[in-house]
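Q: Those protein sequences? They're chains A and B, same order as listed.
If you're matching positions, the first sequence starts at 856 in this note's numbering and goes up one per residue.
If you're matching positions, the second sequence starts at 856 in this note's numbering and goes up one per residue.
C-beta atoms are modelled at their ideal positions from N, C-alpha and C, and glycine is treated no differently.
If you're wondering where the values come from, they're calculated on a predicted model, not measured in any experiment.
Protein chains: 2
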Amino acid sequence: MDYDAILIGAGAGGYLSAVRLLKHKKKVLIIEKDKFAGECTNYGCIPSKALIEMSESIHYLETMPGINMSYKVDMKEWQKWKDSMIARIRNGAENLCKSLGAKIIYGTGKIVDKNHVSVNNETFSTDYIIIDTGSSPVKIKGIDDVYYNREILAIDNIPEKLVIIGGGYIGIEMATAFKKLGSDVYVIEMKDKILPEVEEDLSKAVDKKLRSLNVNIILNSKVLSVKKDKKYKVSIENHDDITADVVLMSVGRIPNTEDLGLENLNLALDGRFIKTDNHKRTSVDNIFAIGDVSGAPMLAHKAFYDGYIAAENILGNDVVVDYKAMPFVVYTDPEISFTGRATENSNKIPVLANPRSLTMNQTDGFFKVYYEKDGTVAGAGVAAPKSSELMGEITLAIEAGLSLEDIFLTIHPHPTVSEGLKDVSDIND
Amino acid sequence: MDYDAILIGAGAGGYLSAVRLLKHKKKVLIIEKDKFAGECTNYGCIPSKALIEMSESIHYLETMPGINMSYKVDMKEWQKWKDSMIARIRNGAENLCKSLGAKIIYGTGKIVDKNHVSVNNETFSTDYIIIDTGSSPVKIKGIDDVYYNREILAIDNIPEKLVIIGGGYIGIEMATAFKKLGSDVYVIEMKDKILPEVEEDLSKAVDKKLRSLNVNIILNSKVLSVKKDKKYKVSIENHDDITADVVLMSVGRIPNTEDLGLENLNLALDGRFIKTDNHKRTSVDNIFAIGDVSGAPMLAHKAFYDGYIAAENILGNDVVVDYKAMPFVVYTDPEISFTGRATENSNKIPVLANPRSLTMNQTDGFFKVYYEKDGTVAGAGVAAPKSSELMGEITLAIEAGLSLEDIFLTIHPHPTVSEGLKDVSDIND
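1) Which residues share a DSSP beta bridge with A/Ile-885?
2) Threshold first: 3 residues or longer. Then list the beta strand (DSSP E) segments lying entirely within the region 962-993 of chain B, N to C.
3) Quick check: the Cα distance between A/Gly-981 and A/Lys-1130, rounded to an integer number of angstroms?
4) Against chain B, with Cβ distances strictly below 8 angstroms, would A/Arg-1211 count as a contact?
5) When DSSP labels each residue in this structure, what does B/His-1094 get in the three-state scheme?
6) Who are the Cβ neighbours of B/Lys-1063 in its own chain at under 8 angstroms, not counting the five residues just before and after it?
7) Select from the region 1143-1165 of chain A all residues with a C-beta closer than 9 angstroms to any C-beta belonging to chain B, and list them in chain order.
8) What would DSSP say about A/Leu-906, mapped onto helix, strand or coil?
9) If you count every other CB in all the chains shown that lies within 10 Å of the CB of A/Tyr-1178, and 16 or more means buried, which is it?
10) Can you tell me which of A/Val-1279, A/Pro-1182, A/Ala-948 puts its alpha carbon nearest to the alpha carbon of A/Phe-1221?
11) Mind checking who B/Met-1104 pairs with in its DSSP beta bridge?
12) Alpha carbon to alpha carbon, how far is A/Glu-1274 from B/Gly-1195? Give it in angstroms, no decimals.
13) Apply the 10 Å Cβ neighbour rule to B/Ala-1123 and answer buried if 16 or more other Cβ atoms are within range, or exposed otherwise.
14) Can you list the residues of chain B that A/Leu-1276 reaches, using a CB-CB cut of under 8 angstroms?
15) Which residues does DSSP pair with A/Ala-1238 in a beta bridge?
16) Starting from A/Phe-1143, follow the beta strand (DSSP E) in both directions and report where the run begins and ends.
17) By how many angstroms is the C-alpha of B/Lys-1082 removed from the C-alpha of B/Leu-1251?
18) Of the residues A/Met-930, A/Gly-869, A/Tyr-1225, which one's Cα is nearest the Cα of A/Ala-1203?
19) Consider the Cβ of A/Lys-1241: report whether some Cβ of chain B lies at a distance smaller than 8 angstroms.
20) Can you name the residues of chain A whose CB is closer than 8 angstroms to the CB of B/Thr-1250?
21) Taking the C-alpha atoms as reference points, what is the distance between B/Tyr-1160 and A/Pro-1270?
22) Quick one: is B/Val-928 buried, meaning 16 or more other Cβ sit within 10 Å of its Cβ, or exposed?
23) Can you give the Cα-Cα distance for A/Asp-1132 and A/His-1156, rounded to whole angstroms?
24) Judging by CA-CA distance, which residue of B/Phe-1033, B/Phe-1143, B/Leu-1074 is the nearest neighbour of B/Tyr-1186?
25) Looking only at its own chain, which residues have a Cβ that is under 8 angstroms from the Cβ of B/Asp-1100, when we skip the five neighbours before and after it?
26) Pop quiz: B/Ile-886 and B/Ile-861 are said to be a contact at Cβ under 8 angstroms. What is the actual Cβ separation, rounded to whole angstroms?
27) When we look at the beta-carbon of B/Ser-939 and count the other beta-carbons within 10 Å, is it buried (16 or more) or exposed?
28) Please report the distance separating the alpha-carbon of B/Asp-1140 from that of A/Pro-1051.
29) From the DSSP output, in three-state form, read off B/Asn-1168 for me.
30) What does A/Met-940 reach in chain B if we use C-beta pairs closer than 8 angstroms?
31) For A/Thr-1285, which option in B/Val-974, B/Gly-1107, B/Trp-936 has the closest C-alpha, if you only look at C-alpha atoms?
32) For B/Gly-956, which residues in the same chain have their Cβ closer than 8 angstroms to its Cβ, ignoring the five residues on either side in sequence?
33) Three Cβ pairs or more, each shorter than 8 angstroms: is that satisfied between the region 985-999 of chain A and the region 1099-1115 of chain A?
34) Spell out whether any CB of chain B is found under 8 angstroms from the CB atom of A/Tyr-926.
35) Quick check: the region 1036-1047 of chain B against the region 1065-1083 of chain B, are there 3 or more CB pairs under 8 angstroms?
36) With a cut-off of 8 angstroms, does the C-beta of A/Asp-987 fall near any C-beta of chain B?
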């Protein structure tokens, strides 16, 4: 065989699985048709977090008593910085793989049979194949020439008027960021609430804040058409038309399974996803699939974890996936995070009881924990500044079977947002 | 007896011990001579974090490519906001105690004998006494009329030129904040490095950043005199005099044991501190001492913990202190945090390997873990944005006897700073 493993798609999970195999002296070919390190690094979570960080700082200073601020954002300059920041991450990942001996080919990898993959008219034999081709935005026929995640994050000026179709986490993160950067923002959602993927109290905290920022949230509404002339004209069922400078379409993502040669294999699918077992193995036993293409939730950290599981199994270690504590974050205002699962027993305290949040001029949100009858931690939902940074602690507690008392008796530094986890864990007094 | 317990000093640890006793139906008198909720809330960590947060946002936007910002800080306006923010915390604490039935008297509490405390010419009998009188800044004879933590945090304009005597954590936090707010800052430290209380690589990360910001750090130097006319003139051994608009003295803190009636008891001291055993009990068996007055480290979260221990013991539960994982944070740039203890086995990765830090335009710092030979987590030192929020996870892992592999296999949301803890815990590949 030419290779021990061929990775199709150098996404964040994929390249980490390659690193693991390479460190164990496996011969690995990585095939990537676009940019190394995948959608999240190049076009998704990394640039969006950079944009959100900037918008949050601006909003914080604009609303802080005693500060008189004026600012201009030169998005072209900012994009240069953003691109160089991302290049640093991307090149770091690529150079790490190279330094460990990976062969990297840019092109479209196509599975010929279970032991052969072709790219750029060459065919290579391999013991294992890992598919990590990711996902793409859902596009709606007849609605063309709109913005998706890639385009909105590469934008070179702040739109005066922005219409966002779809109130899921991508849409709502962008709504928050662009509103804080000065855009007039409309969110159109078919369901009766924004962020339908999270618990009601978390989504409500964000809904309340967005409305106080004068974001226009249009629920229970369907977009009928989007026409582009000099500006966009968005027609909505039972609503006046809206003209806009930019229309962002964020109505979900679909797995990338085309052009992959799946027709040459008898690979089982699960809906549009490639079906995998709890070893991340597909129905063809030497082929693994990880990340977005292998099923929801479509999250980079789920892809990392999948990549680790696939690599371990290729290395001969019988490791299985356990998604029981999978954190989920929406980088909004307040930042909302969830991990684990809901149970009948919960405790909740307001952000107003957390001094560190108050020092950041943040007064909205809460800390909530779910627990089993015996006090074992089951899950948590937090709407608070930088709540994403608290998910490691709770997720670790769930994985290790620890109790709320373990968290309560752990000394948390003062003042931190993390003290909220300690305080909400005090259920026995 | 008039009371089950009398608390002298409603510091952050003290009032929490009162809350615990009150929730168990104990009759509690709280005596406070200044403001409820203590030094940290009113004059220390809370206002300083608010100031630091503002200075960090300003600096981040000033140095972010693509942002053109001008700003003015009206410190009088900001102080009003700060005071109202603190009042919210303070009133919340006081109202909680009142709602649980505490009697609160403002005045100087004095111990008459082991079962009697007087205040404002009244004397009350009690079963237990908790001393939580805190600490005050060290003042040097002959150097008068300078600023200490209270004065610098109540300042109503940004000084043009600020001299800070003492390069410990208070001095260095203020040096960073005021430099970012535009002051010309000098730090004078007697030792050969700043932040002598933390590990060398942590203090070096801060030293490097401060120097790149053009903070003037004068090491191995002793202040000979500080004279005040229109401006201050600071004379330093082997150094030119420095004139300054404000001089901040931050050369340590001493426990508040005066005016407390200690002369009426045969209470054992440990240096200047009140000596306590591992139940936070003093040498007089119904008198407890907690927080700064009972020994180093002088940290609010150590006081909370002490307060919990004292209350539990008064409630008849034999709970002992265990400081094995005591987090410590300095809110500088980078923010540095430490918990647990150093061992011979460690792993370290740079902040450059943490994508979330890069999205915040932060490239300096590192993640370091210490572990036992068998992989059990022993400690961590982190120099990274918001590193304080990561200490809960590591401290919990230490307390629960978890291993680095437990942390590595826990799914951390992407992108977060907390992923650095996961990545640095990968020691087995």
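A: Straight from the coordinates:
1) Locating residue 885 of chain A in the first sequence gives position 30, where the first residue counts as 1. Beta-bridge pairing links A/Ile-885 to A/Leu-862, A/Ile-959.
2) 965-968, 971-974, 977-986, 990-992
3) One-based indexing of the first sequence puts residue 981 of chain A at position 126. One-based indexing of the first sequence puts residue 1130 of chain A at position 275. Gly is not the amino acid found at residue 981 of chain A; the sequence shown has Thr there. When rounded, the distance between both Cα atoms is 21 angstroms.
4) The count along the first sequence starts at 1 and reaches residue 1211 of chain A at position 356. Output row for A/Arg-1211: interface = yes.
5) Counted from its first residue, the second sequence places residue 1094 of chain B at position 239. Strand at B/His-1094.
6) In the second sequence, residue 1063 of chain B corresponds to position 208, counting from 1. Hits under 8 angstroms: Asp-1219.
7) Leu-1154, Ala-1155, His-1156, Lys-1157, Ala-1158, Phe-1159, Tyr-1160, Tyr-1163
8) Position 51 of the first sequence, counting from 1, holds the residue named residue 906 of chain A. Three-state result, A/Leu-906: helix.
9) Translated into positions along the first sequence, residue 1178 of chain A becomes position 323. Classification of A/Tyr-1178: exposed, given that the 10 Å Cβ count is below 16.
10) In the first sequence, counting from the first residue as 1, residue 1221 of chain A sits at position 366. Among A/Val-1279, A/Pro-1182, A/Ala-948, the Cα nearest to that of A/Phe-1221 belongs to A/Val-1279.
11) The sequence position of residue 1104 of chain B within the second sequence is 249, counting from 1. According to DSSP, which records beta bridges pairwise, B/Met-1104 is partnered with B/Ile-1020.
12) Locating residue 1195 of chain B in the second sequence gives position 340, where the first residue counts as 1. Locating residue 1274 of chain A in the first sequence gives position 419, where the first residue counts as 1. Taking the straight line from one Cα to the other gives about 18 angstroms.
13) For this step, residue 1123 of chain B is matched to residue 268 along the second sequence. B/Ala-1123 is exposed by the Cβ-count criterion.
14) Start at 1 with the first residue of the first sequence, and residue 1276 of chain A comes out as number 421. Neighbours of A/Leu-1276 on chain B, chain order: Gly-1247.
15) Numbered from its first residue, the first sequence carries residue 1238 of chain A at position 383. Paired residues: A/Ile-1191, A/Phe-1221.
16) Sequence index remark: in the first sequence, residue 1143 of chain A carries index 288 (1-based). Counting along the chain, the beta strand (DSSP E) containing A/Phe-1143 begins and ends at 1142-1144.
17) Within the second sequence, residue 1251 of chain B is the residue found at index 396, counting from 1. Within the second sequence, residue 1082 of chain B is the residue found at index 227, counting from 1. So the alpha carbons of these two residues sit roughly 49 angstroms apart.
18) Looking up residue 1203 of chain A in the first sequence gives position 348. Checking the sequence shown, residue 1203 of chain A turns out to be Lys, not Ala. Closest option to A/Lys-1203, Cα to Cα, is A/Tyr-1225.
19) As a first step, residue 1241 of chain A is located in the first sequence; it is residue number 386 there, counting from the start. Chain B, which has a Cβ nearer than 8 angstroms to the Cβ of A/Lys-1241, makes this yes.
20) Reading the second sequence from its first residue, position 395 is the one you call residue 1250 of chain B. The answer, in chain order, is Thr-1265, Ile-1266, His-1267.
21) As a position in the second sequence, residue 1160 of chain B is number 305, starting the count at 1. As a position in the first sequence, residue 1270 of chain A is number 415, starting the count at 1. Near 14 angstroms, if we compare the C-alpha coordinates of A/Pro-1270 and B/Tyr-1160.
22) Within the second sequence, numbered from 1, the residue matching residue 928 of chain B stands at position 73. Burial call: buried.
23) One-based indexing of the first sequence puts residue 1132 of chain A at position 277. One-based indexing of the first sequence puts residue 1156 of chain A at position 301. So the alpha carbons of these two residues sit roughly 18 angstroms apart.
24) Position 331 of the second sequence, counting from 1, holds the residue named residue 1186 of chain B. Closest option to B/Tyr-1186, Cα to Cα, is B/Phe-1033.
25) Residue numbering aside, residue 1100 of chain B sits at position 245 when the second sequence is read from its first letter. Cβ neighbours of B/Asp-1100 beyond the five flanking positions: Pro-1014, Glu-1015, Lys-1016, Leu-1017, Lys-1086, Tyr-1087.
26) Here the question's residue 886 of chain B lines up with position 31 in the second sequence. Here the question's residue 861 of chain B lines up with position 6 in the second sequence. Between B/Ile-861 and B/Ile-886 the Cβ distance is about 7 angstroms, and since that is below 8 angstroms, they are a contact.
27) On the second sequence, residue 939 of chain B is found 84 positions in, with the first residue counted as 1. Its Cβ having fewer than 16 others within 10 Å, B/Ser-939 is exposed.
28) For this step, residue 1140 of chain B is matched to residue 285 along the second sequence. For this step, residue 1051 of chain A is matched to residue 196 along the first sequence. Computed Cα separation, rounded: 58 angstroms.
29) Walking along the second sequence from the start, residue 1168 of chain B turns up at place 313. If DSSP states are grouped into helix, strand and coil, B/Asn-1168 belongs with the helices.
30) Position 85 of the first sequence holds residue 940 of chain A. Chain B residues near A/Met-940: Leu-1213, Thr-1214, Asn-1216.
31) Residue 1285 of chain A lies beyond the residue range present for chain A, which begins at 856 and ends at 1284; the question has no answer from this structure.
32) The residue you call residue 956 of chain B lines up with position 101 of the second sequence. Hits under 8 angstroms: Leu-877, Lys-882, Val-883.
33) yes
34) The residue labelled residue 926 of chain A in the question sits at position 71 within the first sequence. By this cut-off, A/Tyr-926 is an interface position.
35) yes
36) What you label residue 987 of chain A is simply residue 132 of the first sequence in a count that begins at 1. With 8 angstroms as the cut-off, A/Asp-987 does not count as an interface residue toward chain B.
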